[in-house]
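What follows is a short report on a single structure.
2 protein chains.
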Amino acid sequence: MDNRPIGMFDSGVGGLTVYKEIKKAMPNEKIIYLGDTKNFPYGSKSKQSIIDLSKKNIDFLLKQNVKTIVIACGTATSQALEEVQSIYKVPIIGIIQPTIEYIKSKENIKNVGVIATRGTIRSKSWEVNLKSQIEDINVYNKECPLLAPMAEEGWVDNEIAKLTIHEYIKEFPKLDALILGCTHYPLFKKIIEEQMPNTEIINTGEKLASHIKNMIELSTNKEKAQDEIYLTDTECNFINVSYKLLNEKIELKKATI
Amino acid sequence: MDNRPIGMFDSGVGGLTVYKEIKKAMPNEKIIYLGDTKNFPYGSKSKQSIIDLSKKNIDFLLKQNVKTIVIACGTATSQALEEVQSIYKVPIIGIIQPTIEYIKSKENIKNVGVIATRGTIRSKSWEVNLKSQIEDINVYNKECPLLAPMAEEGWVDNEIAKLTIHEYIKEFPKLDALILGCTHYPLFKKIIEEQMPNTEIINTGEKLASHIKNMIELSTNKEKAQDEIYLTDTECNFINVSYKLLNEKIELKKATI
């Protein structure tokens, strides 16, 4: 048993989709969430910048005495996970491996699409991990640089979002599964499913939540825990978008990293 | 007479709209353009980050022996112009003042809209400058965080761009003029004009070009000069978008700032 909280970070509101899944799977675990809204978006930053920012985020969370760290950001997972895992002793988990494990377990998934930020796609993290761990898998990638800014703007179900999704997915062949390789993208899950009715849309946060439930020592809390949400810049659309996502108002604290 | 080149910088391709206007006004002047694509977008960065990046860009251009520096970026003009003007001896000009001078000269412009990045709007540079220099002017601001990324993606005349423009301008009252407060936005000028047929759409680059033509010592070149275009990250959509904008292929060089 370990009553310390779970720490998690993202470049903005996107990681809240992961937060939501962890909360659903383990309501009694206390979560400390850090949204680095000051440095949003990570998607088009260099690898070194993303490593530096990830280290600052982790240092902040470690000061809050967390027992494990979740990188709830596709770009930071693909660019910085390996580096920070080699530096810190605390267990650090990213959004890629749990989804790979899931796909491994499903024999019918052979043609996989990945949509993500420019940085994530160019890092080839998804492609390399999928191909090295699963035989005979075909991977189709698409950079979607407008989706994360659009989610931060709160445009997740209007006509503009629908057309933008269409523009990005229109060249995929028939897919068995589509990985939402950026944690913002589950905000668009409904409209993606409408446009790809025969494809399994994979929310990486959901796979991550079931994975860490088996991995960590749970707390002895008997009630739903009160979480803490920190942002590095509070002048942003976080409140509106988080409300859309979680259906509840959340109290935000200012963090300096 | 001064045969040194004109230096200019922007966070990406947006400044090419200014480049185009300067070239039209002074074809024989040699221009050195620096697009800081590695650090794009500036729009959501802190004031201090933008000052630091602007100084690096200026240092790079000064090494190329330029006679004047144009900040072809709305965000850098609003956040860093005053600071860098106080540090460097070379004349530095931003995109705001030439447009203010133009509006001053037009008595019929009383209701002005400004569309720009979040950083530019929140800095209040346009509003403060307009109101302090022109009596009885009404200023209406709108942050448009998706437009610059959309321009970098090359989506400047599709249905998505049209709907996005509509979404951003729909709450303006009747305007005499609309200032395109980010140098990317002239890429959308045609579709904005279609949606606001009775409003003068002001391209700040055009006003800046006529202003510096009167300000600088021109060169003795008798022919159209061969310009140099540098980028801090060449893996981007710059070529596609620049082609759309200038109708010519340009040779790109890599710059380290």
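Those sequence lines, one after another, are chains D and W.
Our numbering applies: residue 1 is where the first sequence begins, and numbers increase by one.
Our numbering applies: residue 1001 is where the second sequence begins, and numbers increase by one.
C-beta atoms are modelled at their ideal positions from N, C-alpha and C, and glycine is treated no differently.
The model shown is predicted, which means the values in this text are computed figures rather than measured ones.
Let's see if you can read the secondary structure: which residues bound the alpha helix (DSSP H) around residue i?
{"i": "residue 214 of chain D", "result": "204 to 215"}
{"i": "residue 171 of chain D", "result": "Note, residue 171 of chain D: premise wrong, no alpha helix (DSSP H); not H, not E."}
{"i": "residue 1245 of chain W", "result": "1238 to 1246"}
{"i": "residue 1119 of chain W", "result": "1118 to 1123"}
{"i": "residue 61 of chain D", "result": "47 to 63"}
{"i": "residue 193 of chain D", "result": "189 to 195"}
{"i": "residue 231 of chain D", "result": "Residue 231 of chain D -> not in any alpha helix (DSSP H); beta strand (DSSP E) instead, spanning 228 to 231."}
{"i": "residue 1022 of chain W", "result": "1016 to 1025"}
Going by Cα to Cα distance, which pick from the options is closest to residue i?
{"i": "residue 102 of chain D", "options": "D:224, D:205, D:245 and D:239", "result": "D:205"}
{"i": "residue 1004 of chain W", "options": "W:1165, W:1031, W:1070 and W:1177", "result": "W:1031"}
{"i": "residue 1010 of chain W", "options": "W:1041, W:1138 and W:1087", "result": "W:1041"}
{"i": "residue 226 of chain D", "options": "D:251, D:247, D:239 and D:202", "result": "D:251"}
{"i": "residue 1171 of chain W", "options": "W:1186, W:1192 and W:1140", "result": "W:1140"}
{"i": "residue 981 of chain W", "options": "W:1159, W:1142 and W:1257", "result": "Outside the shown range of chain W, which is 1001 to 1257, sits residue 981 of chain W, and nothing can be said about it."}
{"i": "residue 1147 of chain W", "options": "D:214, D:160, D:66 and D:23", "result": "D:160"}
{"i": "residue 1116 of chain W", "options": "W:1228, W:1083, W:1180 and W:1051", "result": "W:1180"}
{"i": "residue 1111 of chain W", "options": "W:1193, W:1198, W:1144 and W:1055", "result": "W:1198"}
{"i": "residue 1097 of chain W", "options": "W:1131, W:1107 and W:1154", "result": "W:1131"}
{"i": "residue 174 of chain D", "options": "D:155, D:129, D:114 and D:228", "result": "D:114"}
{"i": "residue 87 of chain D", "options": "D:104, D:203, D:145 and D:58", "result": "D:58"}
{"i": "residue 344 of chain D", "options": "W:1023, W:1048, W:1222 and W:1012", "result": "The requested residue 344 of chain D is not part of the displayed model; chain D covers only 1 to 257."}
{"i": "residue 1122 of chain W", "options": "W:1241, W:1232, W:1144 and W:1023", "result": "W:1144"}
{"i": "residue 1242 of chain W", "options": "W:1195, W:1133 and W:1156", "result": "W:1156"}
{"i": "residue 257 of chain D", "options": "D:38, D:201 and D:138", "result": "D:38"}
{"i": "residue 1232 of chain W", "options": "W:1246, W:1178, W:1255 and W:1215", "result": "W:1255"}
{"i": "residue 1107 of chain W", "options": "W:1239, W:1135 and W:1224", "result": "W:1135"}
{"i": "residue 2 of chain D", "options": "D:215, D:196 and D:118", "result": "D:215"}
{"i": "residue 153 of chain D", "options": "D:202, D:49 and D:239", "result": "D:239"}
{"i": "residue 1210 of chain W", "options": "W:1095, W:1048 and W:1063", "result": "W:1095"}
{"i": "residue 104 of chain D", "options": "D:149, D:167, D:129 and D:151", "result": "D:129"}
Which residue comes first and which comes last in the beta strand (DSSP E) that contains residue i?
{"i": "residue 1254 of chain W", "result": "1252 to 1254"}
{"i": "residue 1177 of chain W", "result": "1177 to 1180"}
{"i": "residue 9 of chain D", "result": "6 to 10"}
{"i": "residue 3 of chain D", "result": "Note, residue 3 of chain D: premise wrong, no beta strand (DSSP E); not H, not E."}
{"i": "residue 34 of chain D", "result": "31 to 35"}
Please list the partners that residue i has in chain W, where partner means a Cβ-to-Cβ separation under 8 Å.
{"i": "residue 249 of chain D", "result": "By Cβ distance, chain W contributes nothing, its closest Cβ being about 23 Å from residue 249 of chain D, past 8 Å."}
{"i": "residue 38 of chain D", "result": "1046"}
Going along chain D in order, which residues have a C-beta closer than 9 Å to the C-beta of residue i?
{"i": "residue 1234 of chain W", "result": "Within 9 Å Cβ-Cβ: nothing; residue 1234 of chain W doesn't reach chain D, min ~13 Å."}
{"i": "residue 1153 of chain W", "result": "145 and 146"}
Can the beta-carbon of residue i be found less than 9 Å from the beta-carbon of residue j?
{"i": "residue 75 of chain D", "j": "residue 182 of chain D", "result": "yes"}
{"i": "residue 1185 of chain W", "j": "residue 1017 of chain W", "result": "yes"}
{"i": "residue 71 of chain D", "j": "residue 212 of chain D", "result": "no"}
{"i": "residue 1014 of chain W", "j": "residue 1073 of chain W", "result": "yes"}
{"i": "residue 1034 of chain W", "j": "residue 1061 of chain W", "result": "yes"}
{"i": "residue 1051 of chain W", "j": "residue 1083 of chain W", "result": "yes"}
{"i": "residue 1055 of chain W", "j": "residue 1090 of chain W", "result": "no"}
{"i": "residue 1036 of chain W", "j": "residue 1109 of chain W", "result": "no"}
{"i": "residue 163 of chain D", "j": "residue 1163 of chain W", "result": "yes"}
{"i": "residue 221 of chain D", "j": "residue 28 of chain D", "result": "yes"}
{"i": "residue 1046 of chain W", "j": "residue 1078 of chain W", "result": "no"}
{"i": "residue 1228 of chain W", "j": "residue 1253 of chain W", "result": "yes"}
{"i": "residue 1026 of chain W", "j": "residue 1208 of chain W", "result": "no"}
{"i": "residue 1178 of chain W", "j": "residue 1192 of chain W", "result": "yes"}
So which residues of chain D does residue i contact, with C-beta pairs closer than 7 Å?
{"i": "residue 1252 of chain W", "result": "Here the premise fails: no neighbours, minimum Cβ distance about 18 Å."}
{"i": "residue 1160 of chain W", "result": "160, 163, 164 and 167"}
Using the beta-carbon of each residue, which ones in chain W are nearer than 7 Å to residue i?
{"i": "residue 150 of chain D", "result": "1146"}
For chain C, find out if any of its Cβ atoms is closer than 9 Å to the Cβ of residue i; answer yes or no.
{"i": "residue 89 of chain D", "result": "Here the protein chains are D and W, and chain C is not one of them."}
> Whole beta strand (DSSP E) runs in the region 1065 to 1097 of chain W with 3 or more residues, listed along the chain?
Replying inline: 1068 to 1071
> Which whole runs of the beta strand (DSSP E) in the region 1138 to 1170 of chain W are 3 residues long or more, in chain order?
Replying inline: 1138 to 1143
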